[in-house]
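Under this note's numbering, the letters of the first sequence match residues -18 to 460, in that order.
Ideal Cβ placement from N, Cα and C applies to all residues, glycine included.
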Amino acid sequence: MNNEIRVRFAPSPTGYLHVGSLRTALYNYLYARKTGGKFILRIEDTDRSRYVEGAVENLIETLQAVGLEYDEGPDKDGNFGHYFQSKRTNIYKKYFRELLEKDAAYYCFCTEDDLKKMREEQIAKKMDVRYDGRCRNLSKEQVQENLAQGKPFVIRAKIPDEGEVVFFDIVRERISIKWETVDDQVLIKSDGYPTYHLANVVDDHLMGITHVIRGEEWLSSVPKHLFLYQALGWKPPKMCHLPLLLNPDKSKLSKRQGDVAVEDFLKKGYLPEALLNFIALLGWHAKGDDELYSLDKLENEFSLKRINKAGSVFDVEKLNWMNGHYLRNLELGYIAIKAKSFFVEAGLDISDNEKYLKIVDVARNRISTLSEITEAAKPFYTISTYSDEDRQIIENENSQKLFSFWLENLKALDSITEENINQLLKQSTDKLGIKGKDLYFPLRLALFGSVHGQELPVIFDILGKEETIKRLSKMLDLK
RNA sequence: GUCCCGUUCGUCUAGUGGUCUUAGGACUCAGGAUUUUCAUUCCUGCAACAGGGGUUCGACUCCCCUAGGGGACGCCA
């Protein structure tokens, strides 16, 4: 029990779930599952100004939608207190007092203006931009006086000013950073809420987190965190910093250059299976050439040791291919359920389930996202307008002969079978002398609205006798 | 600017000193086969070890430097 691995995904509720965050969540999840540990969801909502209504619910829903189930979280208690940091302020209070007592932190009464001015001066003098520690050596009396006057304050960490920190990151191995380059980080803001750095360290420790797996953007903050662990006398968790997900121009993946919200991908008809598979491979790869991974397979084969160091470009092109692959190879019934809302939204009738399944089955062959499926399915419902080229083919003398011939023979048929169709096809050639494109194009145009597309027997089968006759009759009127 | 981290085909990556590699796979792209068409599927092809020094009998693999890249430098996370 004490050796149990506990990892956490700790997003802040500022809107939607970012695909980069999804990968972080996925790796945490996989590591927990692989090791039989616990995967914890903690909401880092200490910045009241950025809080977005409904963001937490959205986050949870999205995690659920892709199937990353957490063991503990806001709605799954694990006896580690609240999983919202905003509800843990009393806890942080205790520890910043301890830090104050241990002289590892200090009161700072600098105002935003003071700091702004300080930074401007530092830039002008080409100095490093960093808090200059002016409140560091305030006497007890001064502090008391300021406090008595009700001056707003923050609590800052008293970072050592010489020597260096050395730590080991699972991905990056040895990293050393000089203390003098580390800022006296604000721990408690003037509104009384903790900053990420304090809350994160306190919660990770109190929640028994053994491995911190998060994005590389946190790497340079590690010294600040290590300082706090040390000051509080705690053993720090193992660190594992993930390479960043990149835009095509190699900058950090951002909204400006395409979709980044997981919910948007889902809405567009990307399957969770494809999204997870694709994202897992952005920065991780097992030995060998395998590319297709189900969640189960990932859970079995994932390892932190094989995470790459370099950032990876999010290439939608490959995601599209992968999604298409899953669309075609996952169980038809499952795809049909996923596709339902798209059909309904497009106003397509799915009341005939047998027919619906057939349509989904043939339509999924030609798409890479579910949002395209209705476009592929539409010809089975209605035919839109014909182009001039199409009309020329339809109005062609041979085509008209063909339509009459088929109409006549179809009406005589009891039921339409593939055998019947093939026979009629053959007769068309034998009796009318029409073959090849002259045969197939007009028929497909009449029944499917396009010279290209599904195989004729498939179209006949799905449309049924009545509808095919109706569509063929129209061709004669068209002229 | 300072600090930190990285650099294998356009993209995701395999590769941990030699034999499997004339650097492999996947996506994209091009060509071909299958398909009456389109799509699928299959086959073939194009395409990379950033550069320079070392170390070594031998470096994509180890070390150093340079270049270009990214991240961090907030009372945001």
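- Distance between SER201 and LYS249, taken at the CA atoms: about 36 Å.
- Beta-bridge pairing by DSSP links ASP442 to no other residue.
- Leaving aside the five residues that flank ARG345 on each side, the residues in its chain whose CB is nearer than 7 Å to its CB run, in chain order, LEU308, ARG309, ILE316, ILE354.
- Membership of VAL0 in the alpha helix (DSSP H) is indicated by the continuous run 0 to 16.
- In its chain, beyond the 5 residues on either side, TRP265, HIS266, ALA267 have a beta carbon closer than 7 Å to the beta carbon of ARG287.
- Checking the DSSP bridge columns, you'll see TYR87 partnered with ARG137.
- Inside the region 113 to 161, DSSP marks whole alpha helix (DSSP H) runs of 4 or more residues at positions 121 to 129, from first to last along the chain.
- Sequence-distant Cβ neighbours of VAL110 in its own chain, meaning closer than 6 Å and more than five residues away, are ARG100, GLN103.
- Burial check for GLN125: the Cβ neighbour count within 10 Å stays below 16, so the residue is exposed.
- If you draw a straight line from the Cα of PRO423 to the Cα of TYR362, it comes to about 18 Å.
- When beta bridges are read from the DSSP output, MET188 appears opposite no residue.
- A check of alpha carbon separations from LEU11 across CYS221, LEU44, LEU279, SER157 identifies LEU279 as the nearest.
- In this structure, DSSP gives GLU436 a state outside helix and strand, which the three-state scheme calls coil.
- Taking a contact to require three or more Cβ pairs closer than 8 Å, the region 334 to 353 and the region 381 to 388 do not qualify as touching.
- In the three-state scheme derived from DSSP, where H, G and I count as helix and E and B as strand, TRP302 is classed as helix.
- Taking all protein chains shown into account, ASN403 has fewer than 16 neighbouring C-beta atoms within 10 Å of its C-beta and is therefore exposed.
- Per DSSP, the unbroken alpha helix (DSSP H) holding LEU428 starts and ends at 418 to 429.
- Contact fails between the region 209 to 224 and the region 17 to 36, because fewer than three Cβ pairs, one in each stretch, are under 8 Å apart.
- Where LEU388 is concerned, there is no enclosing beta strand (DSSP E), although the alpha helix (DSSP H) around it starts and stops at 378 to 393.
- Per DSSP, MET108 lies in no beta strand (DSSP E) and is assigned neither H nor E.
- Cα atoms of ARG(-13) and GLN123: separation of roughly 44 Å, rounded to the nearest angstrom.
- Within its own chain, the residues whose Cβ lies closer than 7 Å to the Cβ of LEU227, once the five positions on either side in sequence are excluded, are LYS233, LEU234, GLY292, SER293, VAL294, PHE295, listed in chain order.
- A straight-line Cα-Cα distance of about 58 Å links GLY173 and ASP342.
- Judged by pairs of C-beta atoms under 8 Å, the region 270 to 284 touches the region 253 to 260, as three or more such pairs exist.
- Residue burial is scored here from C-beta neighbours: THR27 has at least 16 other C-beta atoms within 10 angstroms and is therefore classed as buried.
- With a 10 Å radius around the Cβ and a threshold of 16 neighbouring Cβ atoms, ILE318 comes out exposed.
- Put simply, of GLU244, ARG347, MET456 the residue whose alpha carbon is nearest the alpha carbon of GLU38 is GLU244.
- Bounds of the alpha helix (DSSP H) holding LYS248 are 243 to 248.
- The C-beta of GLN373 has fewer than 16 other C-beta atoms within 10 Å across all chains shown, which makes the residue exposed.
- Annotated as proximal: LYS139 and TYR87, with beta-carbon spacing under 7 Å.
- CA-to-CA, the gap between LEU168 and PHE(-10) works out to about 21 Å.
- The alpha-carbon separation between ALA85 and SER67 amounts to approximately 24 Å.
- Note on geometry: alpha-carbon atoms of LEU444 and GLU50 lie some 42 Å from one another.
- When the five nearest sequence neighbours on each side are left out, the beta carbons in the same chain lying within less than 6 Å of the beta carbon of GLY1 are those of LEU226, LEU234, in order along the chain.
- For the pair VAL146 and ASP185, the Cα-to-Cα distance works out to about 20 Å.
- For the region 174 to 237, the full-length beta strand (DSSP E) segments reaching 3 residues or more read 192 to 196, 219 to 223 along the chain.
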